[in-house]
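**Student:**
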Amino acid sequence: MSRDDRDEADIEASRAPLMDHLIELRSRLMVCVVAFIIAFIGCFAFSETLYLFLVKPYVVSAAFHQTVGAHGHVSPFSLILGTAGLIPVPDVDHNSVRLIYTAPLEILFTKMKLAGLGAVIVAFPVLAWQLYRFVAPGLYRNEKGAFLPFLIAAPVLFLLGAALVYYVMLPFVMWFSLSQQIIGAGVSAELLPKVSDYLNLVTALILAFGLCFQLPVVMTLLGLAGLINSQMMAKGRRYAIVAVVVVAAVVTPPDPISQLMLAVPMVLLYEISIWCVRIIELRRKKADALAA
378 MSRDDRDEAD IEASRAPLMD HLIELRSRLM VCVVAFIIAF IGCFAFSETL
428 YLFLVKPYVV SAAFHQTVGA HGHVSPFSLI LGTAGLIPVP DVDHNSVRLI
478 YTAPLEILFT KMKLAGLGAV IVAFPVLAWQ LYRFVAPGLY RNEKGAFLPF
528 LIAAPVLFLL GAALVYYVML PFVMWFSLSQ QIIGAGVSAE LLPKVSDYLN
578 LVTALILAFG LCFQLPVVMT LLGLAGLINS QMMAKGRRYA IVAVVVVAAV
628 VTPPDPISQL MLAVPMVLLY EISIWCVRII ELRRKKADAL AA
């Protein structure tokens with residue numbers, strides 16, 4: 378029996394009536410909902426700790442800003458290493474790191490939003506596994522082997538994008554924001570971010586970077602589907618770079634440093650995508666040669 382015949386036999390053996398598929402879908406959705414609820418409750422219980430963790434880049438930026446002054450200079454590595462906890466951070470006056478809320482239930486809603494975001498991240502392995510188990514019977518054997526690596530690569534790349542935001546992007550954004558304060562001549566224009574606005578900024582940046590870091594996954598899937606090839610991607614490199622710059626300008630704060638922090642990794646990820654598609658093409662040629 379050939380490989381194609383075995384694949385067809387596996388697909389035929391996994392066939393089931395529509396009602397059975399609906400029942401299975403319901404059970405897997407229930408597992409996903411239960412996993413999300415449990416993760417949500419756990420994250421909400423530690424929402425204050427999670428929020429303080431997200432505020433740390435702001436605290437580090439404020440510490441160095443208060444130490445060197447508004448017109449002073451600080452090494453970018455100091456902000457990064459300070460946020461990572463690899464170097465000591467100057468002691469700061471707690472009044473210099475203040476967040477406010479202007480609605481009675483703003484803190485509660487902020488904690489719920491943070492818990493929801495954390496629940497999706499924590500429960501993602503369960504959600505991804507349930508998705509795979511639902512679609513796996515309809516996949517060929519080689520497709521099953523190709524699908525699993527993407528379930529691993531997607532969250533890893535998302536976490537890399539989130540780490541870039543937390544350890545690099547946020548300290549610079551908050552430093553830049555603090556440097557725009559106006560204090561003097563009887564005028565005081567100080568940064569007092571709202572707790573919800575700060576979380577919205579963090580969430581937007583993490584989602585933007587995390588999704589942009591999925592570029593190799595998307596390109597590799599398109600390569601597997603035969604919609605693109607490495608030669609086409611290499612020829613369109615200049616257009617891809619222009620598109621990357623436009624995306625970086627749209628999803629990041631309006632300063633060149635933030636845009637470069639996203640644009641440079643995306644260009645590198647595009648080059649990695651070309652190599653991933655090229656490897657797929659080489660494997661496909663090898664498989665065709667063996668089949669012949």
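First residue of the sequence shown? That's 378 in our numbering, and the numbers climb one at a time after it.
Ideal Cβ positions, reconstructed from N, Cα and C, are used throughout, including at glycine.
#1: Go through its chain and collect everything with a Cβ distance to alanine 540's Cβ below 8 Å, but skip five positions before and after it.
#2: Kindly identify the DSSP beta-bridge partner or partners of lysine 571.
#3: Would you mind working out which of Leu399, Ile418, Arg615 and Tyr478 sits nearest glutamate 648, comparing C-alpha positions?
#4: Can you tell me whether glutamine 636 is buried or exposed? The criterion is at least 16 other CB atoms within 10 Å of its CB, across all chains shown.
#5: Do you know offhand how far alanine 566's Cα is from valine 432's?
#6: Quick check: the stretch 585 to 597 against the stretch 533 to 548, are at least 3 beta-carbon pairs closer than 8 Å?
#7: Between the beta-carbon of alanine 496 and the beta-carbon of cysteine 409, is there less than 8 Å?
#8: Look at glutamine 443 and leucine 534 and say whether their C-beta atoms are less than 8 Å apart.
#9: Taking C-alpha atoms, which residue in Leu476, Val437 and Val503 lies nearest to valine 466?
#10: Could you give the uninterrupted runs of the alpha helix (DSSP H) lying entirely in the stretch 503 to 555, keeping only those of 4 residues or more?
#11: Leaving out the 5 sequence neighbours to the left and right, which residues in its chain are closer than 7 Å to glutamine 558 when beta-carbon positions are compared?
#12: Answer with buried or exposed for isoleucine 414, where buried requires no fewer than 16 other C-beta atoms within 10 angstroms of its C-beta.
#13: Where DSSP assigns a beta bridge to glycine 493, which residues make up the other side?
#14: What is the DSSP secondary structure of alanine 566, counted as helix, strand or coil?
#15: Pull up the distance between the alpha-carbon of alanine 668 and that of leucine 402, whole angstroms please.
#16: Taking the alpha carbon of glycine 462 as the point to measure from, which residue in Ala531, Val654, Phe417 and Tyr544 has its own alpha carbon closest?
#17: Quick one, are the C-beta atoms of glycine 613 and asparagine 606 less than 8 Å apart?
#18: Does DSSP put glycine 459 in a helix, in a strand, or in coil?
**Tutor:** Straight from the coordinates:
#1: Around alanine 540: no qualifying Cβ.
#2: BP columns for lysine 571 point to Ile477.
#3: Distance check between glutamate 648 and each of Leu399, Ile418, Arg615 and Tyr478 places Arg615 closest, using alpha-carbon atoms only.
#4: By the neighbour-count criterion, in which 16 or more other beta carbons inside 10 Å mark a residue as buried, glutamine 636 falls on the buried side.
#5: Between alanine 566 and valine 432, the C-alpha separation is close to 21 Å.
#6: By the Cβ rule, the stretch 533 to 548 counts as touching the stretch 585 to 597, because three or more pairs are nearer than 8 Å.
#7: Not in contact: alanine 496 and cysteine 409 (Cβ atoms no closer than 8 Å).
#8: Contact flag unset, no.
#9: Nearest option by C-alpha distance: Val437.
#10: With a minimum length of 4 residues, the continuous alpha helix (DSSP H) runs that stay inside the stretch 503 to 555 are 518 to 541.
#11: Excluding positions up to five away in sequence, the list reads Ala447, Ala566, Glu567 and Leu568.
#12: Exposed, since its Cβ has fewer than 16 Cβ neighbours within 10 Å.
#13: In the DSSP assignment, glycine 493 forms no beta bridge with any residue.
#14: For alanine 566, the three-state secondary structure derived from DSSP is strand.
#15: Cα-Cα distance, rounded: 37 Å.
#16: Selection Ala531, Val654, Phe417 and Tyr544 evaluated against glycine 462 yields Tyr544 as nearest (Cα-Cα).
#17: For glycine 613 and asparagine 606, no; Cβs fall outside 8 Å.
#18: In the three-state scheme derived from DSSP, where H, G and I count as helix and E and B as strand, glycine 459 is classed as helix.
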